[in-house]
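K.L.:
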Amino acid sequence: MANNKKKNIYNYGECEVCDTPLEEKYIKQDFWIKGELIVIDHILAGVCPKCGEKVVNSDIGHYIGELLKNTEYIASAPKICVPIIMFDEFKKEYSILPMDSI
Ligand SMILES: [Zn+2]
Numbered sequence: 000m001a002n003n004k005k006k007n008i009y010n011y012g013e014c015e016v017c018d019t020p021l022e023e024k025y026i027k028q029d030f031w032i033k034g035e036l037i038v039i040d041h042i043l044a045g046v047c048p049k050c051g052e053k054v055v056n057s058d059i060g061h062y063i064g065e066l067l068k069n070t071e072y073i074a075s076a077p078k079i080c081v082p083i084i085m086f087d088e089f090k091k092e093y094s095i096l097p098m099d100s101i
């Protein structure tokens, strides 16, 4: 029975920023927890097609809150490797503007 359940449409209402109706989508969201970057993938959320504002319903928000507190679960998750760039160094090396204007 659970298998032929129709997609659960939740009414996210309109974007708080620009009043555009939000569309339900799976998103990837990053969280900084005590200086550590955590990415949660496949979160069902309402996304503004115009400005990109994202909201989740309270159930999803609750699960995310629980997940972010579950350090054991987080520690056992697969890791990704991401670039981190020192912006000052990039500007120095690839300066496209006269130094005075940076
Ligand atoms: Zn918007």
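Under numbering that gives the first Met the number 0, the first residue of the sequence shown is numbered 0, with each subsequent residue one higher. We treat Cβ as the ideally placed atom computed from N, Cα and C, and that holds for glycine.
Whole angstroms are fine: how far does the CA of residue 44 sit from the CA of residue 75?
P.N.:
Those two C-alpha atoms are separated by around 25 Å.
K.L.:
Have a look at the DSSP bridge pairing and note the partners of residue 29.
P.N.:
Residue 29 pairs with 38.
K.L.:
Can you tell me the Cα-Cα spacing of residue 80 and residue 56, whole angstroms?
P.N.:
Roughly 30 Å separates the two Cα atoms.
K.L.:
Rounded to whole angstroms, what's the CA-CA distance from residue 63 to residue 87? Just pull it up for me.
P.N.:
Their backbone Cα atoms lie some 34 Å apart in a straight line.
K.L.:
Is residue 16 a contact residue of ligand 1, with contact defined as CB to any heavy atom under 7 Å?
P.N.:
Yes, the Cβ of residue 16 comes within 7 Å of a heavy atom of ligand 1.
K.L.:
Would you kindly work out how many angstroms separate the C-alpha atoms of residue 27 and residue 66, rounded to a whole number?
P.N.:
Each residue's alpha carbon lies about 14 Å from the other.
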